[in-house]
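The next block holds one structure in the form of structure tokens; read it before the comments.
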Amino acid sequence: MDSPPPKRTRRRVPWTPTWDEFLIGLMVDQACKGQKIEKGFKKESWRYMLLEFNKKFNQNLDDEQLRNRYKHFTREYTIVMTLLGESAFVWDCTRNAVIANAETWDRYILEHPEAKPYRTKGLPLMEALGILFGNSNADGRYVLSSRSEEVMQESTSMIGGLESPAINNEHMATPNVKSLGSKGNMDALDKHKKSRSAAPTSSRRRKRVRKHESIIEALLEMAANSRLRASLDAEASSNQGLKNCIEELQAMEGLDDELLRKACEMLKDEKNATIFMTLEGHRRLVWVKEMCDAQ
């Protein structure tokens with residue numbers, strides 16, 4: 008009895024931040040065009056994104072691998088949004104990370120172990136995922152609120168040297184916990200909190216809207232540039248193919264000027280050009296004459 012053929016194993020894809028950013032840009036573009044459905048995207052949309060992605064990064068991924076990455080994005084977004092649904096967690100837009108004090112994290116992770124990675128790593132594309140999944144403002148907590156400062160001191164020292172490169176920021180002013188110990192500094196901090204709380208919420212809301220719009224524009228521009236590059240590459244490839252055909256025509260014997268002219272016109276069709284370059288010798292000449300006579 009013959010043994011069944013071995014199952015084909017799909018190679019593990021080394022996803023990078025650049026790949027994720029490009030793919031999410033494509034997904035946002037397709038969602039804005041009405042191609043998104045309840046469980047993902049329409050079939051033609053998946054085909055389009057797969058073609059664009061493979062062309063951009065010179066890969067040979069299949070449809071299932073892109074769908075799995077979409078599921079990964081969905082899972083990450085769901086976990087973070089669930090965290091932000093808890094009053095003790097806040098979103099730090101500077102680090103693109105969820106922050107809370109150590110006790111809160113310990114208690115939450117005991118019941119929700121899937122959230123553990125987000126204690127020390129950020130989600131840089133959270134804003135884009137919010138646009139993709141339709142909740143970009145995260146109930147108003149995508150900005151560092153005055154309440155965030157109360158947990159910043161402990162969460163900063165907790166993350167310390169453990170944070171991932173995604174949430175490191177050398178330009179960020181990290182609070183010095185020890186320097187806040189004096190009464191004068193604590194009073195100053197209280198005044199700062201009150202002044203932030205007293206600031207008009209409409210101003211912060213306008214900033215969120217502007218940030219939201221700029222992210223959409225950036226993602227759409229990235230997707231548009233990708234399509235333009237793909238179009239230019241295809242045009243350059245087509246022109247080179249026609250040039251190769253004409254060079255082959257000029258090297259053929261038995262073609263007068265009129266046949267050569269007709270053949271050049273006929274080979275502007277990519278299908279004809281493919282057949283022409285596939286045929287060889289006498290068969291190529293016979294085919295060219297028949298095609299030209301039929302014109």
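Quick note: the sequence shown, position 109, residue 116 per this note's numbering, numbers continuous.
Glycine included, every Cβ here is placed at the ideal spot set by N, Cα and C.
What you are looking at is a predicted structure, and each value in this text was computed from that prediction instead of being measured.
{"Check": "When the Cα atoms are used, what is the spatial distance from residue 298 to residue 247?", "Outcome": "22 Å"}
{"Check": "So, do the stretch 117–125 and the stretch 22–41 have three or more beta carbon pairs nearer to each other than 8 Å?", "Outcome": "no"}
{"Check": "In angstroms, rounded to a whole number, what distance separates the CA positions of residue 77 and residue 47?", "Outcome": "8 Å"}
{"Check": "Does the Cβ-Cβ distance between residue 53 and residue 73 come in under 8 Å?", "Outcome": "yes"}
{"Check": "May I have the straight-line CA-CA distance separating residue 135 from residue 41, to the nearest angstrom?", "Outcome": "17 Å"}
{"Check": "Out of 291, 120, 286, 69, point me to the one whose CA is closest to residue 20's CA.", "Outcome": "69"}
{"Check": "Nearest by alpha-carbon distance to residue 249: which of 94, 117, 283, 130 is it?", "Outcome": "283"}
{"Check": "Going by the beta-carbon positions, is the gap between residue 86 and residue 110 smaller than 8 Å?", "Outcome": "no"}
{"Check": "Quick check on the burial criterion: 16 or more other C-beta atoms within 10 angstroms. Buried or exposed for residue 51?", "Outcome": "exposed"}
{"Check": "In whole angstroms, what separates the C-alpha of residue 269 from that of residue 263?", "Outcome": "10 Å"}
{"Check": "Using only the alpha-carbon positions, how far apart do residue 173 and residue 130 sit?", "Outcome": "Only weak support is given to the placement of residue 173: the predicted model assigns it a pLDDT of 38, under 50, and the value that follows is read from those uncertain coordinates. Cα to Cα, residue 173 sits roughly 7 Å from residue 130."}
{"Check": "Spatial neighbours of residue 116 within its chain, please: C-beta separation below 8 Å, excluding the five flanking residues on both sides.", "Outcome": "122, 123, 126"}
{"Check": "Would the beta-carbon of residue 103 fall within 8 Å of that of residue 133?", "Outcome": "yes"}
{"Check": "What is the residue span of the beta strand (DSSP E) that residue 98 lies within?", "Outcome": "97–99"}
{"Check": "What runs of the beta strand (DSSP E), each 3 residues or longer, lie entirely inside the stretch 44–122?", "Outcome": "97–99, 104–106"}
{"Check": "Give me the Cα-Cα distance between residue 290 and residue 259, rounded to the nearest whole angstrom.", "Outcome": "12 Å"}
{"Check": "Do you know how far the Cα of residue 99 is from the Cα of residue 188?", "Outcome": "With a pLDDT of only 36 at residue 188, under the threshold of 50, the placement of this residue in the model should not be trusted, and no figure is reported."}
{"Check": "Can you tell me whether DSSP reads residue 338 as helix, strand or coil?", "Outcome": "Not covered by the structure: residue 338. The range shown for the chain is 8 to 302."}
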